[in-house]
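Q: Protein chains in written order, with numbering that gives the first Met the number 0: chain Y, 0 to 154; chain X, 0 to 154; chain E, 0 to 154; chain U, 0 to 154. Cβ coordinates follow ideal geometry from the N, Cα and C atoms, glycine included. Predicted model only: the values in this text are computed from it and were never measured.
4 protein chains.
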Amino acid sequence: MNETTVTLVGNVATGVEYRETPMGGVARFRFAVTARRWLREQAAWADGGTSFYTVSAWRALGANLAASVTVGDPLVVHGRLRVREEERDGRRKTFVDVDAVAAGHDLSRGTAAFRRAVRPVAAAERPSDDAQSQSGMEASVTPAPPSVEAPTPVF
Amino acid sequence: MNETTVTLVGNVATGVEYRETPMGGVARFRFAVTARRWLREQAAWADGGTSFYTVSAWRALGANLAASVTVGDPLVVHGRLRVREEERDGRRKTFVDVDAVAAGHDLSRGTAAFRRAVRPVAAAERPSDDAQSQSGMEASVTPAPPSVEAPTPVF
Amino acid sequence: MNETTVTLVGNVATGVEYRETPMGGVARFRFAVTARRWLREQAAWADGGTSFYTVSAWRALGANLAASVTVGDPLVVHGRLRVREEERDGRRKTFVDVDAVAAGHDLSRGTAAFRRAVRPVAAAERPSDDAQSQSGMEASVTPAPPSVEAPTPVF
Amino acid sequence: MNETTVTLVGNVATGVEYRETPMGGVARFRFAVTARRWLREQAAWADGGTSFYTVSAWRALGANLAASVTVGDPLVVHGRLRVREEERDGRRKTFVDVDAVAAGHDLSRGTAAFRRAVRPVAAAERPSDDAQSQSGMEASVTPAPPSVEAPTPVF
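In structure tokens form, the structure reads like this:
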């Protein structure tokens with residue numbers, strides 16, 4: 000409830016750090032989004048500055064990101080946004096986190112050879128619930144892949 | 000103004016059709032999104048049905064999608080949503096279109112080897128404006144890649 | 000999981016129909032979104048056509064919409080998008096539905112006098128879960144209002 | 000291009016500050032979003048913490064927000080997200096800004112009496128372009144209200 004969802008289109012700004020935790024593996028990296036806007040009067044693009052986010056990805060998404068992504072790669076990242084304020088070294092710091100739900104290389108910048116993961120029978124390959132990826136306290140159920148009946152193409 | 004932006008997480012449901020037009024190349028395919036929800040009382044997942052969309056992608060994104068994607072592939076698609084109604088064969092039909100701005104293989108389902116496109120010096124590799132991808136009537140400017148100064152990782 | 004969330008900015012296109020159901024009250028209306036885009040070369044706005052959606056709102060949101068909204072009102076509607084296909088009169092028809100999670104009058108078009116609902120002690124005033132608003136099969140818990148500690152304004 | 004759009008559902012956390020600038024009036028306030036998640040195993044809601052944003056709204060939206068909103072009001076805010084880092088007093092500070100495009104009282108929490116603004120003939124009542132609200136350097140054109148032909152209700 001009241002989750003804030005964002006989709007970021009930008010570039011990986013730091014190496015992907017991957018580590019195992021009792022709740023499953025997690026990948027983390029900084030992500031840079033540079034907006035551009037068209038200025039009508041000047042008929043020119045203006046650079047809107049670069050926004051940096053810390054992206055976390057759990058379990059299968061985290062492992063696959065760690066295996067597939069390097070610094071500079073263009074990505075589309077879809078996830079939950081959160082802004083945290085914490086004391087660090089006696090100072091109040093602000094952290095802007097995105098807990099990724101789905102992410103992939105942005106094909107407007109290049110091509111990709113994709114290899115689908117083989118699903119282990121009983122394992123939790125994919126965060127199967129919103130709450131889970133943060134709490135890690137729940138049994139995970141691998142959802143069946145969506146049965147896509149080939150629809151008549153309608154263009 | 001008043002654009003409706005969506006991010007779809009789902010699977011390619013038909014082959015990608017790619018064709019050249021005077022406004023540049025365009026890729027089109029049907030895309031299936033199957034939502035699942037957690038039912039609290041029953042403590043079970045409910046399938047929310049499958050929604051189908053027609054995705055269009057212009058220029059570099061279209062060409063790279065055509066080169067990288069096959070039926071069944073899991074994708075993240077970010078773009079502009081539009082619902083059109085048209086007479087066809089004497090009947091009113093409804094079309095639900097997404098004009099993709101960015102898209103990539105969903106790494107929660109597998110791994111990808113990404114190859115960045117080499118940018119031609121003067122060519123329009125990327126739709127550089129919202130209006131353009133539909134109107135195709137504008138000169139295109141290849142935006143400079145964002146200059147990502149490596150930031151200090153802050154986790 | 001894989002929910003498609005949208006935010007629509009547009010106008011109420013039909014009267015709000017409100018009815019009681021065993022799962023609680025529901026308001027329904029058609030909603031029109033007209034996108035405009037800036038055409039760079041022509042230096043003019045292009046009308047991107049009008050998209051129509053059927054918006055449903057359950058319980059408190061539905062009742063308050065029915066009490067507050069009339070045809071033509073500009074709204075911001077945030078909710079879950081779904082595209083359904085059904086046989087009707089021997090024809091396949093497409094329905095584009097938004098199950099609203101939050102909605103309000105767009106203050107870029109006018110002013111509003113808001114009156115907060117008094118929360119009944121034990122009642123479920125607000126859809127407290129995603130699944131609930133459609134399934135209606137779960138006990139509802141009124142979430143405590145967010146305790147907003149007045150933060151130091153940082154501009 | 001690469002704009003990050005968000006929709007925030009939460010509460011106004013500070014008084015709305017409104018001031019005139021050479022580029023038009025602007026309203027600013029802090030906004031609090033408290034996410035809640037359903038923990039499956041515990042069958043309970045978890046509070047996901049409160050995220051704070053600084054919302055800016057220009058011109059008509061700013062003036063109408065200033066006239067309609069008080070601390071604590073529940074709002075839906077739709078706009079462009081930006082994360083800025085700046086030196087202040089010798090320290091690096093992070094600012095999380097949302098430039099609102101549309102916003103309204105969340106009718107899941109109460110009712111509203113809306114009064115549509117009378118549009119001055121030649122005035123710029125509404126930010127008519129993305130770039131404008133930040134650059135303020137462009138002539139503004141009041142878009143004609145969308146001509147909503149009453150559609151046949153299809154539920």
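Give the straight-line distance between the Cα atoms of Thr49(Y) and Thr13(E), rounded to the nearest whole angstrom.
A: Using only the alpha carbons, I get a separation of about 42 angstroms.
Q: How big is the Cα-Cα spacing for Thr110(E) and Ala99(X)?
A: Near 35 angstroms, if we compare the C-alpha coordinates of Ala99(X) and Thr110(E).
Q: At what residues does the alpha helix (DSSP H) containing Ala42(U) begin and finish?
A: Counting along the chain, Ala42(U) falls outside any alpha helix (DSSP H), and DSSP gives it neither H nor E.
Q: Report yes or no: is there a C-beta of chain U within less than 8 angstroms of the C-beta of Asp98(E)?
A: Not an interface residue.
Q: Note the first and the last residue of the continuous beta strand (DSSP E) segment covering Arg114(U).
A: First-last of the beta strand (DSSP E) with Arg114(U): Gly109 to Arg115.
Q: Note down, in chain order, every chain E residue with its Cβ under 7 angstroms from the Cβ of Trp37(Y).
A: Under the 7 angstroms cutoff, chain E gives Trp37 and Arg39.
Q: Within 10 Å of its beta-carbon, does Glu19(U) have 16 or more other beta-carbons around it, so buried, or fewer, so exposed?
A: Under this definition Glu19(U) is an exposed residue.
Q: Can you tell which of Val15(X), Arg35(X) and Gly103(X) has the C-alpha that lies nearest to the C-alpha of Arg29(X)?
A: For the residues Val15(X), Arg35(X) and Gly103(X), the minimum Cα distance to Arg29(X) belongs to Val15(X).
Q: So, at 6 angstroms on beta carbons, what are the nonlocal neighbours of Ala62(Y) in its own chain, with the 5 sequence-adjacent residues on each side left out?
A: So the qualifying residues of the chain are Gly24.
Q: Can you confirm whether the segment 31-46 of chain E touches the segment 81-101 of chain E when touching is taken to mean that 3 or more C-beta pairs between the two stretches lie within less than 8 angstroms?
A: The segment 81-101 of chain E, when compared against the segment 31-46 of chain E, does not touch it at the 8 angstroms Cβ threshold.
Q: Using the DSSP secondary-structure output, state which residues sit across from Ala56(E) in a beta bridge.
A: Answer by DSSP bridge pairing, in chain order: Ala26(E).
Q: Is Asp72(X) buried or exposed, if buried means 16 or more other CB atoms sit within 10 Å of its CB?
A: Buried, by the Cβ-count rule.
Q: Excluding sequence positions up to five away, which residues of its chain have a Cβ less than 6 angstroms from the Cβ of Ala56(E)?
A: Result list for Ala56(E): Ala26, Leu64 and Ala99, in chain order.
Q: So, is Val120(U) buried or exposed, given that buried needs 16 or more other C-beta atoms within 10 angstroms?
A: Reliability of the predicted coordinates at Val120(U) is poor, the pLDDT of 47 falling under 50, and no value is obtained from them.
Q: Given Thr53(E), which residues of its chain have a CB within under 8 angstroms of its CB, disregarding the five upstream and five downstream residues?
A: Excluding residues within five positions, the ones whose Cβ falls inside 8 angstroms are Arg27, Phe28, Arg29, Phe30, Phe94, Val95, Asp96 and Val97.
Q: Are the Cβ atoms of Ala3(X) and Leu60(X) separated by less than 8 angstroms?
A: Per the sequence shown, the amino acid found at residue 3(X) is Thr instead of Ala. No, the Cβ-Cβ distance between Thr3(X) and Leu60(X) is not below 8 angstroms.
Q: Considering only residues of the same chain and omitting the five flanking positions on each side of Arg83(Y), which have a CB-CB separation below 6 angstroms?
A: These residues qualify, in order along the chain: Phe94.
Q: Name the chain Y residues whose beta carbon is nearer than 8 angstroms to that of Thr4(E)?
A: Residues of chain Y passing the Cβ test: Thr4.
Q: Between Ala101(Y) and Ser107(X), is the Cβ-Cβ spacing less than 8 angstroms?
A: Taking 8 angstroms as the Cβ cut-off, Ala101(Y) and Ser107(X) qualify as a contacting pair.
Q: Ends of the beta strand (DSSP E) at Gly78(U)?
A: Its beta strand (DSSP E) spans residues Pro73 to Arg87.
Q: Quick one: list the residues of chain E neighbouring Phe113(X), beta-carbon separation under 9 angstroms, in chain order.
A: None at all; the shortest Cβ gap to chain E is about 23 angstroms.
Q: Mind checking who Ser50(X) pairs with in its DSSP beta bridge?
A: Val32(X), per the DSSP bridge assignment.
Q: Do you know whose CA, among Trp37(U), Gly89(U), Arg58(U) and Val8(U), lies nearest Ala116(U)'s CA?
A: Nearest C-alpha to Ala116(U): Arg58(U).
Q: Considering only C-alpha positions, which residue in the set Ala42(Y), Val32(Y), Arg90(Y) and Glu40(Y) is nearest to Met170(U)?
A: The structure shown does not extend to residue 170(U), since chain U spans only 0 to 154, so no value can be given for it.
Q: Between Met22(U), Tyr17(U), Pro21(U) and Gly9(U), which has its C-alpha nearest Arg35(U)'s C-alpha?
A: With distances taken between Cα atoms, Arg35(U) lies closest to Gly9(U).
Q: Select from Asp88(E), His104(E), Arg87(E) and Arg90(E) the residue whose C-alpha is nearest the C-alpha of Val75(E).
A: It is His104(E) whose Cα lies nearest to the Cα of Val75(E).
Q: Find out if the Cβ-Cβ distance for the pair Gly89(E), Val5(E) is shorter than 8 angstroms.
A: Their beta carbons are not under 8 angstroms apart, which means Gly89(E) does not touch Val5(E) by this criterion.
Q: Do we get a CB-CB distance below 8 angstroms when we pair Ala34(X) with the residues of chain B?
A: Here chain B cannot be found, since the structure's protein chains are Y, X, E and U.
Q: Suppose the cutoff is 6 angstroms on Cβ atoms and the five residues either side in sequence are ignored; what does the same chain contact list for Asp128(X) look like?
A: Reliability of the predicted coordinates at Asp128(X) is poor, the pLDDT of 40 falling under 50, and the value obtained from them is presented with this limitation in mind. Answer for Asp128(X): no residue qualifies.
Q: Does the Cβ of Ala149(E) have 16 or more other Cβ atoms within 10 Å, making it buried, or fewer, making it exposed?
A: With a pLDDT of only 38 at Ala149(E), under 50, the local geometry of the prediction cannot be trusted, and the value read off the model is given with reservation. Exposed.
Q: Report the option in Glu85(U), Arg91(U), Val70(U) and Arg87(U) whose CA atom is closest to the CA atom of Phe113(E).
A: Nearest of Glu85(U), Arg91(U), Val70(U) and Arg87(U) to Phe113(E), Cα basis: Val70(U).
Q: Name the residue from Phe51(E), Tyr17(E), Trp37(E) and Met22(E) whose alpha carbon lies nearest to the alpha carbon of Glu85(X).
A: Ranking the options by Cα distance to Glu85(X), first place goes to Phe51(E).
Q: Inspect the beta-carbon positions of Arg87(U) and Ala42(X) and report whether they are closer than 8 angstroms.
A: No.
Q: Identify every residue that forms a DSSP beta bridge with Leu7(X).
A: Paired residues: Val76(X).
Q: Any beta carbon of chain X sitting closer than 8 angstroms to that of Asn63(Y)?
A: Taking Cβ atoms only, chain X reaches closer than 8 angstroms to Asn63(Y), which makes this a yes.
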